[in-house]
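Undergrad:
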Amino acid sequence: MTQQDVAEKIHVTRQAVSRWENDETIPGSDLLVTLSGLFNVSVDTLLESPVVRYCECCGMPIEPSIMGIDGNGELDPRYCKWCLNNGEFVYTDLNQMLDFLVANLPLEGMNEDQCRQTYQKHLLELPYWKQKMNSSINS
Numbered sequence: 004m005t006q007q008d009v010a011e012k013i014h015v016t017r018q019a020v021s022r023w024e025n026d027e028t029i030p031g032s033d034l035l036v037t038l039s040g041l042f043n044v045s046v047d048t049l050l051e052s053p054v055v056r057y058c059e060c061c062g063m064p065i066e067p068s069i070m071g072i073d074g075n076g077e078l079d080p081r082y083c084k085w086c087l088n089n090g091e092f093v094y095t096d097l098n099q100m101l102d103f104l105v106a107n108l109p110l111e112g113m114n115e116d117q118c119r120q121t122y123q124k125h126l127l128e129l130p131y132w133k134q135k136m137n138s139s140i141n142s
């Protein structure tokens, strides 16, 4: 895609795109969001930001290539693709997630109960599970 192609798609001048590519200026936040959609990458990637994201459901480090997809088909930087698939959460029950982790990612030097307890402590610190636990308490 040429500078002119990009400029036409996001309604700016070719010169503006050139200045961005040459690090003379950076696009505004509204254009960064538009560009991230155009190139199907996160804003962090466009800015070459060293931000390390973690899945809010399983805690795995995530990068744009493994980000989950929301119900609108957009990348969701909060979740990995193994936890969020087309807007649907794969793991809706903590025990379901724990069963998967203990069976597939055993922790060295720990028996099954110790492994389960360690994973549970970790998972309960993540936003997805905190919210689920709070909503079940309030229901």
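Following the working numbering, the numbering of the sequence shown begins with 4 at its first residue and continues without gaps. We treat Cβ as the ideally placed atom computed from N, Cα and C, and that holds for glycine.
1. Which same chain residues end up closer than 7 Å to Pro30 when comparing Cβ atoms and leaving out the 5 residues on each side of it in sequence?
2. Who are the near neighbours of Met63 in its chain, counting only those whose CB is closer than 6 Å to its CB and skipping five residues on each side?
3. Buried or exposed for Pro3, going by 16 or more other Cβ atoms inside 10 Å?
4. Tell me the DSSP secondary structure of Gly31 in three-state form.
5. If we ignore side chains and look at the alpha-carbon of each, how far apart do Asp73 and Asn98 end up?
6. Please return the same chain residues whose Cβ sits closer than 8 Å to the Cβ of Gly76, not counting the five positions on each side in sequence.
7. Rounded to whole angstroms, how far is the Cβ of Ser45 from the Cβ of Leu78, which I believe are closer than 8 Å?
TA: Once the coordinates are examined:
1. For this step, residue 30 is matched to residue 27 along the sequence shown. For Pro30, where only same-chain residues beyond five positions count, the Cβ hits under 7 Å are Trp23 and Leu38.
2. Your numbering for residue 63 matches position 60 in the sequence shown. Cβ neighbours of Met63 beyond the five flanking positions: Cys83.
3. The displayed coordinates of the chain run from 4 to 142. Any statement about residue 3 would go beyond what the structure contains.
4. Position 28 of the sequence shown, counting from 1, holds the residue named residue 31. Here Gly31 sits in coil by DSSP.
5. Taking the first residue of the sequence shown as 1, we reach residue 73 at position 70. Taking the first residue of the sequence shown as 1, we reach residue 98 at position 95. If you take the alpha carbons of Asp73 and Asn98, they lie about 23 Å apart.
6. Walking along the sequence shown from the start, residue 76 turns up at place 73. The answer, listed in chain order, is Asn89.
7. If you number the sequence shown from 1, residue 45 lands on position 42. If you number the sequence shown from 1, residue 78 lands on position 75. Contact flag correct, Cβ pair sits at about 7 Å.
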